[in-house]
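First up is the structure itself, then whatever we jot down about it.
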Amino acid sequence: MYEEPYKWVEAIDNRRQYLDDQFKQGSPVVALAYDTGILLLSVSKSTSKFYEIYDRLALGGMGHPADLEKLRVNLLEMAHVEGFNRSPSDVTGSRMVKYGIAPVIKQAFEEVFKAPFIVKLLLAELGHKAGKDSFLVVNYDGTFEEGTSCTVLAASKTVEQEMIASIRGKVSAVLSLEQAFDLALRTWALGDRLQHKTVEEPSGESSSGQPEDTEATSLSAYLRDRVAEKTIECVLLDRNRSDSSKYRALPSDEIGRLLPKDLTPLIL
Amino acid sequence: MGMHGDFFQLLKEQGYQLGTPVAAIAGVEIPTATTILAFKYRDGVLVAGDRRATAGNMVMYDRTDKVLEIDRHSVMAIAGVPATAYEMVRILEHSFKYYRRTQLQELSFEGKLRAVSKLLKENVAAALSGTGAVAPIFAGYDCEQETAKIYFYDILGAEFEGVEYAVSGSGSPTIRGILHYLNTWEEQPLNALPEEPALVQALRLLTSAAEFDSATGGVNREANLYPIIKLITTGGVGAVPEATLKSLFEAKVVRHV
Numbered sequence: 011m012y013e014e015p016y017k018w019v020e021a022i023d024n025r026r027q028y029l030d031d032q033f034k035q036g037s038p039v040v041a042l043a044y045d046t047g048i049l050l051l052s053v054s055k056s057t058s059k060f061y062e063i064y065d066r067l068a069l070g071g072m073g074h075p076a077d078l079e080k081l082r083v084n085l086l087e088m089a090h091v092e093g094f095n096r097s098p099s100d101v102t103g104s105r106m107v108k109y110g111i112a113p114v115i116k117q118a119f120e121e122v123f124k125a126p127f128i129v130k131l132l133l134a135e136l137g138h139k140a141g142k143d144s145f146l147v148v149n150y151d152g153t154f155e156e157g158t159s160c161t162v163l164a165a166s167k168t169v170e171q172e173m174i175a176s177i178r179g180k181v182s183a184v185l186s187l188e189q190a191f192d193l194a195l196r197t198w199a200l201g202d203r204l205q206h207k208t209v210e211e212p213s214g215e216s217s218s219g220q221p222e223d224t225e226a227t228s229l230s231a232y233l234r235d236r237v238a239e240k241t242i243e244c245v246l247l248d249r250n251r252s253d254s255s256k257y258r259a260l261p262s263d264e265i266g267r268l269l270p271k272d273l274t275p276l277i278l
Numbered sequence: 003m004g005m006h007g008d009f010f011q012l013l014k015e016q017g018y019q020l021g022t023p024v025a026a027i028a029g030v031e032i033p034t035a036t037t038i039l040a041f042k043y044r045d046g047v048l049v050a051g052d053r054r055a056t057a058g059n060m061v062m063y064d065r066t067d068k069v070l071e072i073d074r075h076s077v078m079a080i081a082g083v084p085a086t087a088y089e090m091v092r093i094l095e096h097s098f099k100y101y102r103r104t105q106l107q108e109l110s111f112e113g114k115l116r117a118v119s120k121l122l123k124e125n126v127a128a129a130l131s132g133t134g135a136v137a138p139i140f141a142g143y144d145c146e147q148e149t150a151k152i153y154f155y156d157i158l159g160a161e162f163e164g165v166e167y168a169v170s171g172s173g174s175p176t177i178r179g180i181l182h183y184l185n186t187w188e189e190q191p192l193n194a195l196p197e198e199p200a201l202v203q204a205l206r207l208l209t210s211a212a213e214f215d216s217a218t219g220g221v222n223r224e225a226n227l228y229p230i231i232k233l234i235t236t237g238g239v240g241a242v243p244e245a246t247l248k249s250l251f252e253a254k255v256v257r258h259v
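These protein sequence lines are chains A and B, in that order. Heads up: the first sequence begins at 11 in the working numbering, then just goes up one per residue. Heads up: the second sequence begins at 3 in the working numbering, then just goes up one per residue.
Structural data, given as structure tokens:
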């Protein structure tokens, strides 16, 4: 039945709709550069959303855990074989995405008789110097975008754009870890709130019209509600680590210390 | 594949082969010979090695690093054919990282030992043909048992635990006896020595090995060449800076040479 081109296009459209629905309840992911590295943050109920891929590469994801796992192992195999056969410097996020997983995800998406990957990925790569970091996001259809200072994953393009618009001007190579954590957490809250607004009241107004201090207060209140029964997950790619592996997951006590003061009783 | 976290298996599936058994051609000298040693001291394990690589009578290189960090808590000191030894170290380094990253937990110390043994066994044909023999020392800190451990291997992959110390390489017979003497009759056994006296003993042992074995490089003060010494403690692996070795050598070793 899909031999006719228009039916194939229709099938792809259905698939997009199906996949968009799958991400509606997902938790956004935020990645941004700070003075000594890259910070990745999300809030989830249980399963981990961040993984170490190689010495300077971290993966974040949204979607089905089994699909994420499959692509994670794919990336790990590619990265380690490449790092062994050539050198760790040749293992770059850009190569892993462009020649590795993006074609695989695209193929799965377009083969309408098979199941697509229900996944959106974020690959953060720590540069050797500040300002040389790179960020890649791969959508469920295999399309990818590159950035240099920050990136996000969320249920829809609109939410992602709003999140990016809210942090773009604030991310800089002089942000301290505390400042980066605070910014990432508030950006996560903004994205999560937008997602829920879209689900609950599709025609609801965007928050961007509110004055800044009212907006900040309401975002803090939102965070208090949403994070209470969940866990903040935060990992770093830290340029100051003496080890060749720069990846470090922050333990909960360190996350507790980084929490902004107005949110401190949240998880402690 | 990912479920097993076995990097060496992944390499083999892609056509990789370690240690092709090629018979040594008569008249071609292969770089070998060395002195490496490891002993337990008060805070963990000390691993040391001279810097010389020789091929027959010829000194090939005087700045070799034979004490190689595999991960934060383990070190492999290499004796034998460097080409194979360095390849093994690269495989191990990738294997331990690959395991940690795929399985989301550290490989156990026993698992690391098995990985070394497996590589040596895989290399038996090359070792026996005369082109790939490696007899390493593997030392590390077992974080589960909270204790430092030393293991040494023969070229076929047999694994032996060095309860107090281990040696390997052409200069090792000389210092094996000294280590036994020091450990048995000195005021303090080796495992009670604080860091500085342990470093002094390591420098003296390698200097003694160089005295009697032409294939072991001694300290070359003119060229500022000192052995490589690494310490493994609960905090991980740390290399002893050259400046520290230089001052200890001048104060505590040189007058006894």
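The beta carbon of each residue, even a glycine, is placed where N, CA and C say it ideally should be.
Residue-level contact by beta carbon fails for Gly110 (chain A) and chain B, as no gap is shorter than 8 angstroms. When Cβ-Cβ separations below 8 angstroms define contact, Thr186 (chain B) makes no contact with chain A. In the three-state DSSP reduction, Arg258 (chain A) falls in the strand class (E or B).
A straight line joining the alpha-carbon of Ile265 (chain A) with that of Gly70 (chain A) spans about 18 angstroms. At least one CB of chain A lies nearer than 8 angstroms to the CB of Phe9 (chain B). Within 10 angstroms of the beta-carbon of Pro113 (chain A) lie fewer than 16 other beta-carbons, which makes it exposed. Here Leu201 (chain B) has Leu48, Ile231, Val242, Thr246, Leu247, Leu250 as same chain residues with Cβ atoms under 8 angstroms from its own Cβ, once five neighbours each way along the sequence are excluded. In the three-state scheme derived from DSSP, where H, G and I count as helix and E and B as strand, Asp151 (chain A) is classed as coil. Closest option to Trp198 (chain A), judged by alpha-carbon separation, among A:Val169, A:Val184, A:Leu85: A:Val169. Here Asp215 (chain B) carries a coil assignment [DSSP, helix/strand/coil]. Chain-ordered listing is empty here: chain A has no CB closer than 8 angstroms to the CB of His75 (chain B), the nearest sitting near 11 angstroms. For Gly93 (chain A), the nearest CB of chain B lies under 8 angstroms from its own CB, placing it at the interface with that chain. Sorting A:His74, A:Ile63, A:Ser97 by C-alpha distance to the C-alpha of Leu85 (chain A) places A:Ile63 at the top. If you look at Tyr183 (chain B), you'll find it in the alpha helix (DSSP H) that goes 174-187. The beta-carbon of His90 (chain A) is placed less than 8 angstroms from the nearest beta-carbon of chain B.
DSSP, read as helix, strand or coil, puts Asn59 (chain B) in coil. Of all residues in the segment 53-81 of chain A, the ones placed with a Cβ closer than 9 angstroms to any Cβ belonging to chain B are Ser58, Tyr61, Glu62, Ile63, Tyr64, Asp65, Glu79, Lys80, in chain order.
Residue ranges of uninterrupted alpha helix (DSSP H) with 4 or more members, entirely inside the segment 47-96 of chain A and ordered along the chain, are 75-95. Look at Phe162 (chain B) here: in three-state DSSP terms it is strand. Judged by pairs of C-beta atoms under 8 angstroms, the segment 127-146 of chain B touches the segment 66-85 of chain B, as three or more such pairs exist. Take the alpha-carbon of Gln147 (chain B) and the one of His182 (chain B): they are about 26 angstroms apart. Exposed is the label assigned to Val165 (chain B), since fewer than 16 other Cβ atoms lie within 10 Å of its Cβ. Taking a 10 Å sphere around the C-beta of Met60 (chain B), we find fewer than 16 other C-beta atoms and assign the residue as exposed. Contact between the segment 127-146 of chain A and the segment 156-166 of chain A is established, with three or more Cβ pairs separated by less than 8 angstroms. Residue pairing of Thr22 (chain B) in beta bridges, as defined by DSSP: absent, with no partner found. Between Tyr100 (chain B) and His138 (chain A), the beta carbon gap of about 23 angstroms keeps them out of contact (Cβ cut-off 8 angstroms). In the structure shown, the three-state DSSP call for Asn193 (chain B) is helix. For the segment 99-129 of chain B, the beta-carbon criterion of a distance under 9 angstroms to any beta-carbon of chain A is satisfied by Lys99, Tyr100, Arg102, Arg103, Thr104, Leu106. About 17 angstroms separates the Cβ atoms of Arg92 (chain B) and Asp253 (chain A), ruling out a contact at the 8 angstroms cut-off. Excluding its 5 nearest sequence neighbours in each direction, Ser176 (chain A) has C-beta neighbours in its own chain below 7 angstroms: Thr197, Leu200, listed in chain order.
Taking the beta carbon of Asp248 (chain A) as reference, no residue of chain B falls within 7 angstroms; the closest one sits roughly 14 angstroms away. One Cα belongs to Tyr61 (chain A), the other to Lys114 (chain B), and the distance between them is close to 22 angstroms. Straight-line spacing of the CA atoms in Gly179 (chain A) and Glu108 (chain B) works out to 39 angstroms.
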